[in-house]
Every structure is written in structure tokens, then in C-alpha cells.
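Here the structure is laid out as C-alpha cells; the discussion comes afterwards.
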Amino acid sequence: MSSSSSNPSIAMKGKESSSVVTNMLCLPDDVLLNCLARVSRLYYPTLSLVSKRFRSLLAGKELYETRTLLGLIESCLYVSLVFPRSSKSRWFTLCGRPTRFPNPSSRWFTLCFSPCILTNRTKKSSGNVLVSVPAHNFFSPRHCITATIGSNVYIMSGGLRNNGMPSSKVFVMDCRSHTWHEAPSLRVARKYPLVSVLDWKLYVVEGIKYYDFSTSIEFFDPETRRREHVPSPGAEIRGTYIRKSVAFDGNLYLYGDKTVVYKPKENKWEALGDSMPLAEKVWKALKGLEEWCKLPKGCARMVNYGGNIVVLWEDFVSSIGSIKTKIWCAEIALERLNGQGIYGKVNWCYVVLTVPKSCSIEDVLVTTF
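Here it is, written out as C-alpha cells:
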């Protein structure tokens with residue numbers, strides 16, 4: 001006799017669970033979407049196994065439109081890795097997927113996340129696994145220029161990554177469905193593009209040198225699919241080259257031999273000299289992490305992850321007959337205490353991937369949807 005048949009309480013719980021699932025399946029699509037939208041994406045892989053109808057609803061854009069209307073937005077981490085003997089980058093993302101074993105032929109992967117707490121760095125195993133997501137048919141050169149707006153990852157290539165030829169091509173991945181398509185091309189082919197996101201628009205700047213001041217800067221609005229040139233800074237304040245562009249506090253900052261700022265609301269440029277767009281130009285220690293770990297110099301990446309900080313770094317370890325690279329990932333929550341500075345608390349810290357030694361982190365991005 002089975003244990004369930006000999007235990008009435010277990011049998012009753014099984015019937016109740018089956019009844020709940022049956023009742024859920026009887027709900028209209030709009031009601032079911034409203035219910036699913038209120039559940040964290042971390043549980044979507046499990047829910048997709050319930051039925052074909054659930055899988056279809058979870059894969060549709062209507063679900064994420066409902067989540068947006070309800071204000072239920074979550075962050076999703078994407079990591080680009082350079083693999084040896086490959087002309088393309090591979091990507092990983094911190095989100096839920098039902099498949100535990102990746103497709104080895106795929107060039108795009110997603111990282112399943114099982115939330116838990118870790119107080120030190122010694123624990124190496126976790127519920128995090130890598131599974132594949134669809135690869136794209138467009139180019140994906142190493143060292144490509146990337147940016148994110150909402151649920152989309154934008155990828156473009158310049159001359160240094162395109163055999164020295166300027167390029168106007170832009171490709172985008174919709175992270176809700178992991179599908180790829182070609183976005184509207186840049187108005188001007190770029191050799192050294194720099195990209196910043198400001199007010200949900202992509203601002204693209206020709207870096208290194210200004211070849212044509214009248215066309216050196218443009219923006220793209222994904223919502224309206226409108227592209228326009230931005231007026232160039234005047235000759236009296238602009239420099240001869242740009243090495244970095246930064247979007248901060250509603251303005252676009254360009255750094256080179258001179259520093260200038262573009263204020264979109266006023267549609268004007270100003271010279272900054274040595275000024276920085278920060279309230280305080282002082283680095284301060286993050287308290288509460290003194291006994292945690294010292295990260296290797298030069299290989300740690302850090303991004304804003306829903307108000308917390310996610311840090312990724314590489315650690316080389318000896319394996320059987322070879323040396324492997326372990327990719328560590330940690331999420332740190334921040335708290336500002338009155339008059340006592342900013343404190344950090346490690347929510348979790350895991351080895352999320354082991355790769356050959358020659359692999360390295362290329363880029364880290366965060367999407368929201």
C-alpha cells in the first residue's frame with residue numbers, strides 16, 4: 001500500500017492542489033494574465049511546465065505589458081563573455097528558465113536564479129544554473145558597443161570592430177522573448193561610437209575625433225523610432241576628441257581634451273572644464289564589508305541592480321590537467337545610516353559559471369521589465 005493511500009491528509013492535500021490547478025486553467029486569459037503578472041519572473045520556468053496555455057501566456061508580450069501597467073518591474077542581469085577560438089561573444093542573464101541543461105551549440109545563455117542568503121564567500125554551490133536561449137543570425141563581433149533601454153539590449157559595431165570600416169548597423173534583442181531583430185540604422189556610419197542612454201533615448205557620439213561636427217552626435221527614440229542629430233557644441237567650447245560619454249541627472253557629459261555637457265531640456269551646451277557631475281568628488285569606503293573578500297584588481301565589474309549593487313569577478317583555479325576560470329557573482333544591498341555613512345550587506349555570493357582560463361568578462365548590463 002502506498003504512503004499516500006495510507007495517509008488521508010496527504011491524499012486530501014493532493015486533491016486540493018489538483019483542484020487549484022484545474023480552477024486556474026478555467027480562468028479567462030485576461031484574468032490569468034493578471035494573476036501571472038503578480039508573480040515574480042523567478043517562478044515562470046516552473047509555471048511554464050503546467051500546460052501549453054501557460055507556456056504561451058508566459059512567452060507573450062501581453063504579460064509584460066500587464067506587469068508594466070501594474071508597476072511590477074524587475075531587473076535582469078546580462079553578462080557578456082569572450083570565449084577562446086570564437087569570433088563572437090556569449091551572453092548570460094540572471095533570470096529563470098525551466099531547462100537545466102544548456103544547448104552546447106547556442107551562443108546565448110541565461111542564468112537561472114534561486115534566491116538565498118550567503119554570509120561568506122566560502123560556499124560555492126548554489127541553485128544557479130546555465131541554460132541556453134536562442135542565438136541570433138546577425139553579426140556579434142567581440143568588443144561591440146552595447147546599451148539597454150527597458151527590456152531591450154542594443155548592439156552596434158564601429159570601425160575598430162568592423163575591419164576598420166565605419167558602420168551604421170544596430171541590432172536589438174528583446175529580453176522578454178530573447179528574440180533578435182535589426183533596429184533602424186544610424187543616420188551616420190560610426191567608426192568610434194560611444195553610446196549613452198538618457199530619458200529612454202540612445203545618444204550616439206562619434207568618439208576619438210570629430211570628423212564632422214554637424215553630424216557627430218545623434219539620438220534614437222525607440223518609442224517613436226525617431227532619429228535626429230543633436231546640435232554640436234560651439235567651436236569656442238568643444239575639444240578635438242571625445243573618449244567617454246556619460247548620461248547623468250538628465251544631462252549628457254562628454255569627456256576628452258575638454259569636458260562639455262549637453263542639456264536636452266534647454267537644447268544647449270556648456271563648458272565644464274575639470275568639473276564632474278557629482279555632488280561630492282570623494283570616494284568613500286562602503287562599510288560593513290571589511291571582513292568579506294578582496295576582489296582581484298582590474299577584473300571586477302559592478303552595476304546597479306534594482307537599487308542594489310551586483311559585482312562580478314574572475315577567479316583562476318586548478319582543475320584536472322588544466323586551469324579554469326570561476327565567475328563569481330554577488331548582490332550587495334545598500335543602506336544609508338544617519339551620520340554613519342553607507343553600509344553594505346551581501347545578499348548572496350556564488351560561483352555562477354566555470355569556464356576555460358582564457359575566457360573573460362567583456363560586458364555587464366541590466367535590463368528592466
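Numbering (the numbering used here), first residue to last: 1 to 369. Glycine included, C-beta positions come from ideal geometry on N, C-alpha and C. Given the structure is predicted, the values throughout are model-derived calculations rather than measurements.
Assigned secondary structure, residue i (DSSP; H/G/I helix, E/B strand, else coil)
{"i": "Asp363", "result": "strand"}
{"i": "Ser167", "result": "strand"}
{"i": "Val352", "result": "strand"}
{"i": "Phe369", "result": "coil"}
{"i": "Thr336", "result": "Per the sequence presented here, residue 336 reads as Arg, with Thr not at that position. Note: Arg336 maps to strand in three-state DSSP."}
{"i": "Leu111", "result": "Note that Leu111 has pLDDT 43, beneath the 50 cutoff, so the model's placement of it is unreliable and the number below is only indicative. Correct three-state label for Leu111: strand."}
{"i": "Asp30", "result": "helix"}
{"i": "Lys357", "result": "coil"}
{"i": "Arg227", "result": "strand"}
{"i": "Ser86", "result": "coil"}
{"i": "Glu291", "result": "coil"}
{"i": "Glu62", "result": "helix"}
{"i": "Ser80", "result": "strand"}
{"i": "Arg121", "result": "Caution applies to Arg121, whose pLDDT of 46 falls short of 50 and renders its modelled position unreliable; the model cannot decide the point."}
{"i": "Ser151", "result": "coil"}
{"i": "Ala330", "result": "strand"}
{"i": "Tyr416", "result": "In this structure the chain extends from 1 to 369, so residue 416 is not present and cannot be described."}
{"i": "Leu94", "result": "strand"}
{"i": "Thr240", "result": "coil"}
{"i": "Ser56", "result": "helix"}
{"i": "Ala183", "result": "strand"}
{"i": "Arg190", "result": "strand"}
{"i": "Cys116", "result": "With a pLDDT of 34 at Cys116, under the threshold of 50, the predicted position of this residue should be treated as unreliable, and no value is reported."}
Whole-Å CB distance - residue i paired with residue j, under 8 Å assumed
{"i": "Tyr154", "j": "Leu198", "result": "At roughly 14 Å, the Cβ-Cβ gap does not stay under 8 Å, so Tyr154 and Leu198 are not in contact."}
{"i": "Ser295", "j": "Ile361", "result": "The sequence shown places Leu at residue 295, not Ser. Between Ile361 and Leu295 the Cβ distance is about 12 Å, and since that is not below 8 Å, they are no contact."}
{"i": "Gly207", "j": "Ile242", "result": "5 Å"}
{"i": "Trp269", "j": "Val260", "result": "5 Å"}
{"i": "Glu74", "j": "Ser51", "result": "No, Glu74 and Ser51 are not in contact; Cβ-Cβ is about 24 Å, not under 8 Å."}
{"i": "Gly288", "j": "Lys324", "result": "Not really, about 31 Å apart at Cβ, beyond 8 Å."}
{"i": "Leu94", "j": "Cys359", "result": "With a Cβ gap of about 18 Å, Leu94 and Cys359 do not count as contacting."}
{"i": "Lys244", "j": "Leu194", "result": "7 Å"}
Strand pairing of residue i, partner residues [DSSP]
{"i": "Met24", "result": "DSSP, once it has assigned bridges, lists no residue as partnering Met24."}
{"i": "Val260", "result": "Leu254, Ala271"}
{"i": "Tyr203", "result": "Ser196, Phe219"}
{"i": "Thr325", "result": "Phe316, Val355"}
{"i": "Trp283", "result": "For Trp283, which the question treats as bridged, DSSP gives no partner whatsoever."}
{"i": "Tyr428", "result": "There is no way to answer for residue 428, as the model of the chain reaches only from 1 to 369."}
{"i": "Leu70", "result": "Bridge partners of Leu70: none, in fact."}
{"i": "Ala247", "result": "Leu252"}
Minimum C-alpha distance to residue i - residue among the options
{"i": "Pro166", "options": "Thr179, Ile149, Trp180, Ser185", "result": "Ser185"}
{"i": "Pro222", "options": "Thr367, Leu69, Gly321, Trp200", "result": "Trp200"}
{"i": "Asp363", "options": "Thr325, Gly60, Tyr44, Val79", "result": "Val79"}
{"i": "Ala271", "options": "Gly239, Thr46, Val282", "result": "Gly239"}
{"i": "Pro28", "options": "Arg53, Trp180, Leu47", "result": "Arg53"}
{"i": "Lys177", "options": "Cys76, Arg243, Gly307, Glu331", "result": "Correcting the residue identity first, residue 177 is Ser in this sequence and not Lys. Among Cys76, Arg243, Gly307, Glu331, the Cα nearest to that of Ser177 belongs to Cys76."}
{"i": "Glu65", "options": "Ala37, Arg55, Gly321, Thr46", "result": "Ala37"}
{"i": "Leu334", "options": "Lys324, Asn347, Ser322, Thr325", "result": "Asn347"}
{"i": "Ala183", "options": "Lys88, Asn152, Ser196", "result": "Asn152"}
{"i": "Tyr255", "options": "Ser196, Ala285, Ala330", "result": "Ser196"}
{"i": "Met24", "options": "Arg41, Phe369, Leu47, Lys244", "result": "Leu47"}
Residue i CB to nearest heavy atom of the ligand FMN below 6 Å
{"i": "Phe92", "result": "Absent from the structure shown: the ligand FMN. Ligands present: none."}
At least three beta-carbon pairs within less than 8 Å, the segment 225 to 232 to the segment 240 to 251: With the cut-off at 8 Å, the segment 225 to 232 and the segment 240 to 251 do not touch.
Contact the segment 306 to 318 vs the segment 255 to 273: 3+ CB pairs below 8 Å: no
Does the count of Cβ pairs from the segment 339 to 356 and the segment 63 to 73 closer than 8 Å reach three? no
Contact between the segment 56 to 64 and the segment 33 to 41 (3+ Cβ pairs under 8 Å): yes
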